[in-house]
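Working notes, structure below.
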Amino acid sequence: MSATTPTATPIAPHVDAARLRSLAARVRAADPDALQDVTNAMTGEVLGQVPHCAPDDVAAAAKRARAVQRAWAARPVEERAAVLLRFHDLVLDRQDEVLDLIQLENGKARRHAFEEILDVTMNARYYAHTAQEYLRPKRRQGAQLALTKVWELHHPKGLVGVISPWNYPLTLGISDALPALVAGNAVLTKPDAQTPYAALWAVDLLEEAGMPVGLVEVVTGSGAELGRPIIESSDFLMFTGSTAVGRTVAAQAGENLIDCSMELGGKNALLVLDDADVDKAVAGSVRASFSNTGQLCISMERIYVPGTLWDEFTSKLATATKAMRLSAAIDYSGDMGSLVSQKQLDTVVRHVEDAVAKGATVLAGGRARPDLGPFFHEPTILTDVDESMEVYAHETFGPLVSLYRVADEEEAIARANDSEYGLNFSVWTSDEERGRRVAARLEAGTVNVNDAYAAAWGSMDAPMGGMKASGLGRRHGEHGILKYTESQTIAVERLIPVGAPDGLNPKTYARIATRALRLAKHLPGVK
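In terms of my numbering, the sequence shown is residues 593 to 1119.
Laid out in structure tokens, this is it:
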């Protein structure tokens, strides 16, 4: 790995090399000479360096975080929530700096980077305002009604491991940690090696907001090297990434008898129904397919269009796609930015070339754009795609969408569900009730009606996650915080024990209990 020292000149309007070095210094590694380059996705040049941690560094980080966690958990939940609210304000105040960081290390357009600001602040606010209600002791119905008092308590797991991907370096780098923290846990997090700076920035702001130093420990390095040590050091694991890696992570978590939650891959479908407003459906399809350069787990890669709307829809979608502005500018001027790496670009190019060679038609785009930057590719639309082509069933994770003509609603639903994945789908219609009926028949964890993905994702009070091979567990809502806790039941029995009292014939007790059970079925409020 190169040991080149980053230049001291400004890298972006709100980021310079000194700031990158200060963020990298937050990571503690035993070998100070073990470094890894971070690439500027816009240019392909070295942006900076962070430590290349080893398994022993993970163990040391876990030990430091655990040492802080007990005192943090002992603090009232409202004090922990107040840290999230101060963090919320700091993110809004300092957003220009992290927007620069996100664009530099990920390559996305700034308008899509801003979605990460929206997500992180909404997440922080939601759990700051709801944690006390979710975590408070709750009365439960006892075995013998008034004679048994039962409470449900929620204790923090202890140390939550978070392994996050590169496509949303701020959102996925810190948002899953926020409910874990307000629930009283410490966090051991590993951002993707390609995009470490946004997560380090977020931890920096959390400490400024009043979070104890060391409660969130960050390790940087290879997932293949550090994944198992993180799992072995943690009491719960939150993972976002590919389905293939997710299967391995789930197996390792199972070996260690810890629970896990995962958002995995998708081959998401958008359904245009025959009563849809075509112009709105076109605009929504552009957002659905090309936001974040298509590098979005919940973006669309399949669009099903009825024959009655096919010509109008495909023509307008091609026109809108060709009009998109690709840009490497660190500002809001671009409609779409770069892919993150050569690996992602190679996947997009391979899927396009394979499809075209087997008979697919390119309606828009279709080419890499090295004139704009090393990893740029045009937003691309394919038709005439069939099962022989790699793009048909495999996730591209880039600015590539395939269009399919269908006869009616029933065919669209059947073809959308014909996938091993079920993460996020989208339905476009002028009839809201029809949209809800169709959505309920789709095998996906979230379905947006007349929206691409943001309506469901941004609804923090509702669960978000995947069906089938798209994941385990849920984030957001009560699911998103209670999964980081251990449920405990405390039952206090009064007067008469459960079972036959001393001196009562067991047969007589069984007869009395049978009558009571028959009666209880008819008592209001008895569960």
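Ideal placement from N, C-alpha and C gives every residue a C-beta, glycine not left out.
With respect to the 9 angstroms criterion, ALA775 and VAL754 are not classified as neighbours on the basis of their beta carbons.
Counting the other CB atoms within 10 Å of its CB gives HIS644 a total of 16 or more, which places it among the buried residues.
DSSP places TYR719 inside the alpha helix (DSSP H), whose first and last residues are 702-727. As for any beta strand (DSSP E) of minimum length 3 sitting wholly inside the region 597-653, the runs are 602-604, 627-631 and 638-643, ordered along the chain. Counting the other Cβ atoms within 10 Å of the Cβ of ILE1104 gives fewer than 16, which makes it exposed.
Ranking LEU751, PRO783 and PRO771 by CA distance to the CA of LEU764 puts PRO783 first. Just so you know, the alpha carbons of ALA785 and LEU762 end up roughly 13 angstroms apart. Looking at VAL1030, LEU955 and HIS746, the one whose alpha-carbon comes closest to that of THR906 is LEU955. Boundaries for GLY876: no beta strand (DSSP E) harbours it, while the alpha helix (DSSP H) harbouring it runs 870-882, taken from the DSSP string.
Beta-bridge analysis with DSSP links GLN695 to no other residue. For TYR996, there is no enclosing alpha helix (DSSP H); the residue is part of the beta strand (DSSP E) that begins and ends at 992-998. Considering only ASP851, GLU847 and THR900, the residue with the shortest C-alpha distance to ASP867 is THR900. With respect to the C-alpha of ALA836, the residue from PRO1116, LEU612 and GLU1012 having the closest C-alpha is GLU1012. In terms of Cβ geometry, GLY806 and ALA657 form a close pair [threshold 9 angstroms]. Residue environment for TYR718: buried (at least 16 other C-beta atoms within 10 angstroms of its C-beta). Within the model, the alpha-carbon separation for ASN1009 versus GLN1080 is close to 39 angstroms.
According to the DSSP secondary-structure assignment, TYR789 is paired through a beta bridge with no residue.
Checking the DSSP bridge columns, you'll see HIS746 partnered with SER1079. Of the candidates ALA665, HIS704, LEU737 and ALA622, LEU737 places its Cα closest to the Cα of GLY1117. Across the set PRO962, ARG1033, GLY957 and LEU639, the C-alpha of LEU639 shows the shortest separation from the C-alpha of ALA616. In the DSSP assignment, ALA778 falls within the unbroken beta strand (DSSP E) covering 778-782.
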